[in-house]
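In this note's numbering, the protein residues as written are 19 to 652.
Worksheet for the structure shown next.
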């Protein structure tokens, strides 16, 4: 083959490769890529939310409040970003039906990606870039965990996405304006001035991005770019100060530039939770500074394809990695839902399905379910007794994460009401708080107070019928005695419900309160016996044990009560147990336990013996007494 033929063949091959590249990167192909990628990503995320987080989303709307009243809107508008909060709380209420709320959230994400593409002229071939802001906002929602109970920002799950949509829409509008008559310059001032009171930080971010993108506009003179940059600095830096001075004085001056961004502060600032917002601002800034750069011709299809795969893989990895997946947190949500719906067997099913050590909240809800079913004395120790610390960088208090439901169901109405009131003032009023305050008022016979909460809940979208149900109780109080939720609580109200201090230690407080009860009511008396059993207080246990026997002369003594009596009698020999009719199975188990401890596993340390003994005796009070130590409540 001659050199001429070789060159000709090489040219044909090169031309073929170029034709293949052009076909691959044709407008038709890229248009499909740009459309399908965001839609597929949003569908996958939406399906994951519905499959794994439906109860979380339902809980989110319970810890939200949106009222269809003019006063509610006015209350939001006393600080900058008020309209953003109003919109966020409005859309959050739709998580009552998780599929509706998820559909709306996914719709906002799609709108954000479309606006980002238009505002920054992101070409179809770089559609993968559009996923980054959406995933950052996804992480800001799904990495909360126990912050759900402490976050003061209202409507959080929608606020960031709606705010980001406004930000990029401002940039698009600025870029679309004609360059004459200083229209763009005027738009910077007017948009920030008008939108900052309504959308807070996101309006300021939009203003800053306009100042950045002006340097990438080819149809703009240098003088105009300098003027717009100066105007941007003055608007973004100065207007919030003016609003603070003459309008939004209720906002702390430290926060005037960040209104609309949640504050992650308890005992200190937790800066890691701000990372999604840093990423969002940084990526949008990058898009502004590289405006039109992404439109350059792709010369190497393989390298371009590799970058797309890396981008999609990176955002998928980030979304999965920073999605809060704590097992106990989700179990607590499920158990809380079962308790509220009086599904006591459901609580026990969840308590049995244990992959890791549980939290004290899970242990307490399990005990509550057994007490409601009348099986605590026989099954209390059939479930692992856990005290795992909540998976959070801060100290989680049960008073916020679930204490209200425990106080209510144990008849401690003043404490339930107190924590609803305190948390409402501290973290903002929520549906959940109003529900418990209403029910506490009904059980306390405070019907005028109950009517107030009924009237508030009737202004919501999904709790109007719920409130009307309890409004009937106000008109006919006899219905309270027939209510399946209230009926087992009514006998517990015989105890003096004096509001003292619980030091936020709900479990310790409840055990101490019931330990000191002297009552002939079988339900109250058994609660006192259970408290003595759990606290391993031998001196307090005996009188309550005998009192229980007198109140149930013809009934079978529950197994755990027998186990405690048999163990205490053999340990201290202060009470004659020789004539007590212990079950043979209980006696045999006790003998096997003592033989194993004193002979079979003799010489082992407690830590070595513990797992071996648990396999054989973990469901007995014998094991609980000797091997469950140092558990901490919170």
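Each residue gets a CB set at the ideal place from its N, CA and C atoms; glycine is no exception.
Values in this document were obtained by computation on a predicted structure and should not be read as measured data.
Span of the alpha helix (DSSP H) around residue i
{"i": "residue 653", "result": "No answer is possible for residue 653: the residues shown for the chain start at 19 and end at 652."}
{"i": "residue 203", "result": "201 to 217"}
{"i": "residue 473", "result": "465 to 475"}
{"i": "residue 677", "result": "Residue numbering for the chain in the displayed model covers 19 to 652; residue 677 lies beyond these limits and cannot be assessed."}
{"i": "residue 605", "result": "602 to 613"}
{"i": "residue 626", "result": "624 to 635"}
{"i": "residue 349", "result": "345 to 358"}
{"i": "residue 293", "result": "293 to 307"}
{"i": "residue 417", "result": "416 to 419"}
{"i": "residue 441", "result": "431 to 445"}
{"i": "residue 258", "result": "240 to 264"}
{"i": "residue 578", "result": "577 to 590"}
{"i": "residue 649", "result": "Looking at the DSSP string, residue 649 is not in any alpha helix (DSSP H), and its letter there is neither H nor E."}
Integer-rounded CB distance, given that residue j should sit under 8 angstroms from residue i
{"i": "residue 351", "j": "residue 77", "result": "6 angstroms"}
{"i": "residue 106", "j": "residue 176", "result": "4 angstroms"}
{"i": "residue 604", "j": "residue 590", "result": "In fact, because the Cβ distance is near 18 angstroms, the residues do not count as touching under 8 angstroms."}
{"i": "residue 509", "j": "residue 543", "result": "That belief does not hold up - the Cβ atoms of residue 509 and residue 543 are roughly 10 angstroms apart, past 8 angstroms."}
{"i": "residue 524", "j": "residue 627", "result": "About 32 angstroms; that fails the 8 angstroms criterion."}
{"i": "residue 195", "j": "residue 221", "result": "Not a contact, Cβ separation roughly 17 angstroms."}
Rounded separation between residue i and residue j - CA only
{"i": "residue 356", "j": "residue 85", "result": "27 angstroms"}
{"i": "residue 330", "j": "residue 120", "result": "22 angstroms"}
{"i": "residue 247", "j": "residue 230", "result": "8 angstroms"}
{"i": "residue 461", "j": "residue 445", "result": "25 angstroms"}
{"i": "residue 649", "j": "residue 408", "result": "14 angstroms"}
{"i": "residue 362", "j": "residue 301", "result": "48 angstroms"}
{"i": "residue 437", "j": "residue 550", "result": "26 angstroms"}
{"i": "residue 587", "j": "residue 342", "result": "48 angstroms"}
{"i": "residue 116", "j": "residue 629", "result": "42 angstroms"}
{"i": "residue 443", "j": "residue 511", "result": "27 angstroms"}
{"i": "residue 259", "j": "residue 275", "result": "9 angstroms"}
{"i": "residue 41", "j": "residue 55", "result": "Unreliable positioning characterises residue 41 in this predicted model, as indicated by a pLDDT of 47, which lies under 50. The coordinate reading is nonetheless provided below. If I take the Cα positions, the gap works out to 19 angstroms."}
{"i": "residue 32", "j": "residue 58", "result": "Its pLDDT being 49, under 50, residue 32 is placed unreliably by the model, and the measurement read from it follows with that caveat. About 35 angstroms."}
{"i": "residue 600", "j": "residue 609", "result": "13 angstroms"}
{"i": "residue 396", "j": "residue 95", "result": "56 angstroms"}
{"i": "residue 200", "j": "residue 454", "result": "57 angstroms"}
{"i": "residue 439", "j": "residue 432", "result": "10 angstroms"}
{"i": "residue 332", "j": "residue 158", "result": "17 angstroms"}
{"i": "residue 228", "j": "residue 271", "result": "25 angstroms"}
Exposed unless 16 or more other CB atoms sit within 10 angstroms - verdict on residue i
{"i": "residue 79", "result": "buried"}
{"i": "residue 124", "result": "buried"}
{"i": "residue 92", "result": "exposed"}
{"i": "residue 557", "result": "exposed"}
{"i": "residue 335", "result": "exposed"}
{"i": "residue 82", "result": "buried"}
{"i": "residue 519", "result": "exposed"}
{"i": "residue 98", "result": "buried"}
{"i": "residue 9", "result": "The structure shown does not extend to residue 9, since the chain is modelled only from 19 through 652, so no value can be given for it."}
{"i": "residue 562", "result": "buried"}
{"i": "residue 641", "result": "buried"}
{"i": "residue 155", "result": "buried"}
{"i": "residue 413", "result": "exposed"}
{"i": "residue 111", "result": "buried"}
{"i": "residue 434", "result": "buried"}
{"i": "residue 338", "result": "exposed"}
{"i": "residue 490", "result": "exposed"}
{"i": "residue 616", "result": "exposed"}
Which listed residue (the options) has its alpha carbon closest to that of residue i
{"i": "residue 421", "options": "399, 386, 643, 390", "result": "386"}
{"i": "residue 308", "options": "137, 377, 191, 276", "result": "137"}
{"i": "residue 254", "options": "434, 89, 526, 205", "result": "205"}
{"i": "residue 291", "options": "234, 411, 257", "result": "411"}
{"i": "residue 479", "options": "108, 300, 247", "result": "108"}
{"i": "residue 295", "options": "639, 95, 179, 492", "result": "179"}
{"i": "residue 61", "options": "127, 623, 593", "result": "127"}
{"i": "residue 502", "options": "517, 542, 543, 457", "result": "457"}
{"i": "residue 647", "options": "236, 369, 404", "result": "404"}
{"i": "residue 632", "options": "466, 547, 399", "result": "399"}
{"i": "residue 143", "options": "326, 496, 620, 114", "result": "326"}
{"i": "residue 584", "options": "643, 553, 380", "result": "643"}
{"i": "residue 169", "options": "245, 282, 304", "result": "282"}
{"i": "residue 485", "options": "506, 367, 452", "result": "452"}
{"i": "residue 13", "options": "339, 383, 340", "result": "With the chain represented from 19 up to 652, any question about residue 13 goes unanswered, as that position is not in the structure."}
{"i": "residue 197", "options": "219, 162, 236, 166", "result": "236"}
{"i": "residue 424", "options": "130, 358, 75, 554", "result": "358"}
{"i": "residue 579", "options": "560, 596, 304, 635", "result": "560"}
beta-carbon residue i near the ligand MG non-hydrogen atom, thresh 7 angstroms
{"i": "residue 588", "result": "As for the ligand MG, it is missing from this structure, which has no ligand bound."}
Proximity test, Cβ basis, 8 angstroms: residue i and chain C
{"i": "residue 432", "result": "Absent from the structure: chain C. Only one protein chain is present."}
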